[in-house]
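**Student:** Heads up: the sequence shown begins at 1 in the UniProt record's numbering, then just goes up one per residue.
Backbone N, C-alpha and C define an ideal beta-carbon position, used for all residues, glycine too.
Dropping the structure in here first, questions after.
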Amino acid sequence: MPLKARYVARELCEHLPLPYRGTSSFPCQLLVQYPSPHRNNFPIVAVRKPCSPFWIQQCGFSSSSIPKVSLLQGNAYLYFARHILREKKQKASSGHFTLNSIIPSVGWVRKAWMHSEEEILESSGLDAVVYLRVFLFCIRFFGICTIAGIGVLLPVNYFQGAVDITTIGSDALDKFSISNVSDGSNRLWVHFSILYCISFLAYGLLYMEYVYITRKRIAFLKTRRPQLDQFTVLVRAIPKAKEKSFSEQVEEFFSSYHPYTYLLHQIVLNDKKVQKMLSKVQVLAREIESLKSLPLEQRRPQRTGFLGLIGSKQDPLELYTKQVEELRKKIKESQTQSVQAAKDLPVAFVSFKTRWGAAVAAQTQQSSNPLQWVTEWAPEPRDVNWSNLLIPYTQLWMRRLLIGVVLGCIILLFFIPAALVYTLARLDNLMTWFPFIQTVLSIPVISSFLSGYLPSLLLTVLYYFIPFLMMALTKVEGYPSYSSQERTTAGKVFLFLVGNSFFLVTYGSLLSLISQAIDSPRQIPNLLASSLPGQANFFMNFIMTKGWTGLATETLQPYPIISGFLLKYLLGKQHYGPRIEPLKYFRALPNVLLFVFIGFMYTLLAPLLLPFLMVYLIMGYIVFRNQIMNMYEPAYETGGQYWPHVHNRVIASLFLMQLIGVGIFGVKEKTSASTATIPLLLITLIFNHYCNMRFLPAYRDLPVEITMPKDQEDEKTGYKDQVFDLLQTAYYCPSLQPMNMILPSDDNYEPLLSHAYFHSETV
């Protein structure tokens, strides 16, 4: 093997993402080839014997389950998409770019850990920082809880001796839980003291985190370069006049009531047809940009017929260019028709000369009728969901009410397949329904695996598509931006996961729990407290199955690799260039919060679960730091608006933990401790109310003390006129946008407006 190729191969093994790393200095069998006769080209390195680290084996992966994946440029584009794009921009002037330039100089774990928060903020925005701060908060809180639980509660539970260790068999975990403490024992005061301590610990950490993130948000808004959404307001429910168009009404209204700050407006048109064609153009245009950087011999010809299976073969660059030109013509025709038809809607984007003027319009009531001239802050231009702006404003509350009912029905009805899966996974049921497998189940290793691992694994698979179902429901509600859709969807997914995976397992039937709660509301704490301790073993396996394996899947990224393989070798299609994707918060955030919820529930009841949770949190923090810096590109920026939602869900988990504390002390016949826990519930509600009163307005509105200095700064720096020029076309609806705005560019995902963006060309 040539020296250069051997060096590169060694570097790939040591520094590519975790699934391809080994434990020895040169653990993989490699096949190294040069793609062309020129020896100075970067070699292609293929792994013939991939390695499987120990922790991936623990998550359910083994060397036999990991396919023989080639480390070609396609995979590098997956794992180092952001690095490749940045390096291509830096190397554009020299015209020389190699894969070696994007390989980290140290191990990926160390590199991920070494990134400072300021680097993450500059690279990925405040939303990514907030997501990582969720992990950091949980590591701090549950780290202290783990020390208290293992060091104090575990010995108290174990040496009580209420559970006969000789009769509990596979349920030996009960020996370490609160179930082992005798009824009425004074040892329960230790649990009572720990409950108070960790509650006030949660208050302190939550408050400090809210203060920290709020300061970060304010500093972010103060130092942020001029953004078009800071000058723009979304206006809905524009009243219809007989002799005037909506555009004329908007011009007249804001010229009259905001004469000194009003700048211009963009009316929204009904152009569903154009929007569908635009999505196709954007996908093709990105493929064309990537193809242009490849030599002809690396571009695989594709068939022009159905699904790429039939028809004559053609160079993909020529094929995609032809398709884009055809769509261009259709889009221009549709744009002309939309303008001539004048299908304007009672929705407009109104821009102002100053941030202060926009703040006044967005944060005040414009009409004596609160259902007319409704204003709110406009989302970023890239964050606008144009299709939802077509929904009449008066329908929004009905849609959201209907979706709320549908969500409740889905949560209840989903108990049927979830309960079936959970019941099917029990060994006694398997032997009853399938007698022929009794011999296999008699093997201790298999029976232990099925009883401990299979139920949580099946539930994980069953819940995989839930985030996408919740997103489909949220789209019907008509939110004007993709970011608000994701935040709302995250709440729905969290509610679903808690309702199904938690209450189903702990109580068996949510309907039965609800009926008993209605009959006797005072028994809710006792009902939960009596069911939770016995399910600690399941949730321990659930954390390993859904949590640890989920992190392995996040690192491996098997779905893009498999889909790319199928497209390339079965359908004859291939994706070229970096696969830039945003981090889907509506999937990632609820999963983290679900484990946080489980951790709160079992901190007091079964502290032996906490070390498994800590492993997930620490590994998740490292993995997502790496993914955010190297793989995911932000699609929008909300300025940290996810944190209030995280705070509310943590408070809900804390409140339920305290409620279960009331119940567990009652079940254990320690009435005085149960009564003394009730004030904690009131303290939690008061604390949450204060936090919402103190911090939440900073996430809803833009303070005047920020807007005025920023406006004065724009006057001095000369940004003001440049922003005005951009506002002329920034909020054009798709049917009016010039083609150069439709096609993607290199700074398409730039979170802040750069100087180059101010000088972008217009048609």
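Could you spell out where the alpha helix (DSSP H) holding arginine 700 opens and where it closes?
**Tutor:** Where arginine 700 is concerned, the enclosing alpha helix (DSSP H) stretches over 697-700.
**Student:** Does the beta-carbon distance from valine 704 to proline 226 come in below 8 Å?
**Tutor:** No.
**Student:** Does the distance from the C-beta atom of cysteine 733 to that of valine 250 stay below 8 Å?
**Tutor:** No, these two residues do not count as a Cβ contact at 8 Å.
**Student:** Note down, in chain order, each residue of its chain lying with its Cβ closer than 7 Å to the Cβ of valine 662, except the 5 sequence neighbours on either side.
**Tutor:** Only Pro525, Ser674, Thr677, Ile678 meet the Cβ criterion.
**Student:** Given this structure, state the Cα-to-Cα distance separating isoleucine 598 from arginine 400, to the nearest angstrom.
**Tutor:** Rounded to the nearest angstrom, the two C-alpha atoms are 29 Å apart.
**Student:** Compare the Cα-Cα distances from glycine 404 to each of Thr364, Ala472, Phe349, Val360 and report the closest residue.
**Tutor:** With distances taken between Cα atoms, glycine 404 lies closest to Ala472.
**Student:** Quick check: the region 611-626 against the region 534-547, are at least 3 beta-carbon pairs closer than 8 Å?
**Tutor:** Touching, per the Cβ criterion.
**Student:** Based on the DSSP output, what are the partners of serine 351 in its beta bridges?
**Tutor:** DSSP output for serine 351 lists Thr232, Leu264 as bridge partner(s).
**Student:** Roughly how many angstroms separate the alpha carbons of proline 697 and glutamine 641, rounded to a whole number?
**Tutor:** Cα to Cα, proline 697 sits roughly 11 Å from glutamine 641.
**Student:** For lysine 546, I'd like the list of residues in its chain whose CB is within less than 6 Å of its CB, leaving aside the five on either flank, ordered along the chain.
**Tutor:** Once the five neighbours on either side are set aside, the close Cβ partners of lysine 546 are Thr460.
**Student:** Run through DSSP, which three-state label would tryptophan 373 get?
**Tutor:** Reduced to three states, the DSSP call for tryptophan 373 is coil.
**Student:** Mapping the DSSP letters down to three states, classify lysine 716 as helix, strand or coil.
**Tutor:** Three-state DSSP puts lysine 716 in a helix.
**Student:** Pair every Cβ in the region 182-198 with every Cβ in the region 207-223, then say whether three or more of these pairs are closer than 8 Å.
**Tutor:** No contact exists between the region 182-198 and the region 207-223.
**Student:** With distances taken from CA atoms, which of Gly184, Leu121, Val109, Glu376 is nearest glutamate 669?
**Tutor:** It is Gly184.
**Student:** CB-CB under 7 Å to tryptophan 189, same chain, minus the five flanking residues each way: which ones, in chain order?
**Tutor:** Result list for tryptophan 189: Ala673, in chain order.
**Student:** Along the chain, where does the alpha helix (DSSP H) containing valine 109 start, and where does it finish?
**Tutor:** That run of the alpha helix (DSSP H) goes 108-114.
**Student:** What residues in its chain sit with their C-beta under 7 Å from that of serine 481, if we drop five residues either side in the sequence?
**Tutor:** Excluding positions up to five away in sequence, the list reads Pro379, Asp383, Val384, Asn385.
**Student:** Below 8 Å between beta carbons: does that hold for leucine 681 and phenylalanine 655?
**Tutor:** Going by C-beta atoms, leucine 681 is nearer than 8 Å to phenylalanine 655.
**Student:** Take tyrosine 393 and list the residues in its own chain whose beta-carbon comes closer than 7 Å to its own, dropping the five residues that flank it on each side.
**Tutor:** Hits under 7 Å: Arg236, Ala237, Val374.
**Student:** On a Cα-Cα basis, can you pick out the residue from Gln282, Gly534, Leu702, Met619 that is closest to serine 179?
**Tutor:** Nearest C-alpha to serine 179: Gly534.
**Student:** Determine the direct distance from the alpha carbon of aspartate 725 to that of lysine 716, and round the result to whole angstroms.
**Tutor:** Their Cα atoms are separated by approximately 17 Å.
**Student:** With a threshold of 16 other CB atoms inside 10 Å of the CB of phenylalanine 159, please say whether the residue is buried or exposed.
**Tutor:** Classification for phenylalanine 159: exposed.
**Student:** With burial defined as no fewer than 16 other Cβ atoms inside 10 Å of the residue's Cβ, what is the status of methionine 601: buried or exposed?
**Tutor:** With 16 or more Cβ atoms within 10 Å of its Cβ, methionine 601 is classed as buried.
**Student:** Taking the alpha carbon of lysine 343 as the reference point, which residue from Gln366, Ala358, His258, Leu390 has its own alpha carbon closest?
**Tutor:** Cα-wise, what sits closest to lysine 343 is Leu390.
**Student:** Could you spell out the range, first to last residue, of the alpha helix (DSSP H) harbouring threonine 545?
**Tutor:** Taken as a continuous stretch (DSSP letters only), threonine 545 belongs to no alpha helix (DSSP H), as it is neither H nor E.
**Student:** With a CB to CB cut of under 8 Å and the five nearest residues on each side skipped, what residues in its chain are close to proline 634?
**Tutor:** For proline 634, where only same-chain residues beyond five positions count, the Cβ hits under 8 Å are Ser124, Gly125, Asp127, Ala128, Pro582, Leu583, Tyr749, Pro751.
**Student:** Since leucine 317 and leucine 345 should fall inside the 8 Å C-beta cutoff, what is the C-beta to C-beta distance between them, to a whole number of angstroms?
**Tutor:** Leucine 317 to leucine 345, Cβ: 39 Å. No contact.
**Student:** Per DSSP, aspartate 174 forms a beta bridge with which residues?
**Tutor:** Its beta-bridge partners do not exist; DSSP assigns none.
**Student:** Between the beta-carbon of serine 492 and the beta-carbon of leucine 407, is there less than 8 Å?
**Tutor:** A small correction: the amino acid at residue 492 is lysine; serine does not occupy that position in the sequence shown. Taking 8 Å as the Cβ cut-off, lysine 492 and leucine 407 qualify as a contacting pair.
**Student:** Can you grab the Cα-Cα spacing for the pair valine 274 / leucine 327, in whole Å?
**Tutor:** Using only the alpha carbons, I get a separation of about 10 Å.
**Student:** Enumerated in chain order, which unbroken segments of the alpha helix (DSSP H) with a length of 4 residues or greater are wholly contained in the region 573-619?
**Tutor:** The qualifying runs are 585-603.
**Student:** Hey, out of Ser351, Thr489, Leu121, whose CA is closest to valine 233's CA?
**Tutor:** Comparing Cα-Cα distances from valine 233 to each of Ser351, Thr489, Leu121, the minimum goes to Ser351.
**Student:** Figure out for me which residue from Leu412, Gln282, Leu727 has the closest Cα to the Cα of lysine 353.
**Tutor:** Closest by alpha carbon: Leu727.
**Student:** Going straight from the alpha carbon of glutamate 118 to that of phenylalanine 137, what length do you get?
**Tutor:** Distance between the alpha carbons of glutamate 118 and phenylalanine 137: 18 Å.
**Student:** Run the CB neighbour count on serine 279, radius 10 Å, all protein chains shown included, and call it buried at 16 or more, exposed below.
**Tutor:** Result: exposed.
**Student:** I'd like the list of long-range same chain contacts for proline 381, defined as Cβ closer than 8 Å, with 5 residues on each side in sequence excluded.
**Tutor:** For proline 381, where only same-chain residues beyond five positions count, the Cβ hits under 8 Å are Leu228, Asp229, Ala730, Tyr731.
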